[in-house]
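In my numbering, the protein residues as written are 383 to 558.
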Ligand code: HEC
């Protein structure tokens, strides 16, 4: 008898709640294909899912001046300005462990993905795939990791050896 009553109550709740659950609230918009593609690009360190594209340091230089220098400084030295403050991106010398050469940038692939997804700050996802390859190439070149004429693309970006790569250790959960 008790389970019979519980069943009746469950059916009652299901029937009365149905219109509420089916209701839409008129919030948000349906994402476009382009917006979805940007969110879907989950590039991993091995560069899987890096989109097809290409760019060189020479192409990246004017882009950097137009879209990045106001926050990161004309020479990527890092700034605090009215437009925003931002970290150093270009090391002060070929062997300095700074910026992109520092221990925290293990992979060129994830550097690409970070720029594509998160920069320029406040105008995120406005860079094209090729522009992102060009900007990545520019930062790698200015940090003495590749040469000025290396064309970066989805095939060779995963093979770039970052100076900080040596510091990468797979976490073991062992704090020692
Ligand atoms: C409005 C200011 C602003 C602009 C413009 C901007 N950035 Fe940034 N950028 C930042 C800030 C602030 C951070 C630090 C974000 C954080 O630590 O969460 C950052 C971080 C970064 C980093 C990570 C650096 C590190 O070592 O942590 C990279 C790489 C980068 N920006 C590249 C670019 C590139 C390339 C452009 C131009 C396409 C650009 N940024 C434009 C403000 C800006």
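Note that CB positions come from ideal geometry on N, CA and C, so glycine has one too. Please read these numbers as outputs of a predicted model, since none were measured by experiment.
Report the option in 485, 478 and 518 whose CA atom is closest to the CA atom of residue 497.
As a working note, residue 497 is residue 115 in the chain shown. The option with the nearest alpha carbon to residue 497 is 518.
Spatial neighbours of residue 514 in its chain, beta-carbon cut-off 8 angstroms, leaving aside the 5 residues before and after
Taking the chain shown and counting its residues from 1, one reaches residue 514 at position 132. So the qualifying residues of the chain are 435, 437, 494, 497 and 498.
When the Cα of residue 416 is compared with those of 508, 546, 532 and 543, which residue comes out closest?
By 1-based counting over the chain shown, the position of residue 416 is 34. The candidate whose alpha carbon is nearest that of residue 416 is 508.
Residue(s) in a DSSP beta bridge with residue 468:
By 1-based counting over the chain shown, the position of residue 468 is 86. Note: residue 468 sits in a beta bridge opposite 461.
Extent of the continuous alpha helix (DSSP H) run through residue 491:
Sequence index remark: in the chain shown, residue 491 carries index 109 (1-based). Segment 490-500, the alpha helix (DSSP H) holding residue 491.
Taking three-plus beta-carbon pairs below 8 angstroms as touching, is the stretch 390-399 in contact with the stretch 469-486?
no
Mind reading off the beta-carbon distance from residue 454 to residue 462? Whole number of angstroms is fine, and I expect it under 8 angstroms.
As a first step, residue 454 must be located in the chain shown, where it is residue number 72. As a first step, residue 462 must be located in the chain shown, where it is residue number 80. Between residue 462 and residue 454 the Cβ distance is about 11 angstroms, and since that is not below 8 angstroms, they are no contact.
Grouping DSSP H, G and I as helix and E and B as strand, with all else coil, what is residue 507?
Reading the chain shown from its first residue, position 125 is the one you call residue 507. In the structure shown, residue 507 sits in coil (DSSP, three-state: anything other than H, G, I, E or B).
I'd like to check one pair, residue 470 with residue 485: are the Cβ atoms closer than 8 angstroms?
Along the chain shown, read from residue 1 onward, the residue named residue 485 stands at position 103. Along the chain shown, read from residue 1 onward, the residue named residue 470 stands at position 88. Their beta carbons are not under 8 angstroms apart, which means residue 485 does not touch residue 470 by this criterion.
Could you tell me the distance, in whole angstroms, from the CA atom of residue 545 to the CA atom of residue 414?
The residue given as residue 545 occupies position 163 in the chain shown. The residue given as residue 414 occupies position 32 in the chain shown. Near 38 angstroms, if we compare the C-alpha coordinates of residue 414 and residue 545.
Residue 467 CB to nearest heavy atom of the ligand HEC below 7 angstroms:
Walking along the chain shown from the start, residue 467 turns up at place 85. Yes, the ligand HEC has a heavy atom inside 7 angstroms of this Cβ.
Where does residue 408 land, buried or exposed, given buried means 16+ other C-beta within 10 angstroms?
Numbered from its first residue, the chain shown carries residue 408 at position 26. So residue 408 ends up on the exposed side.
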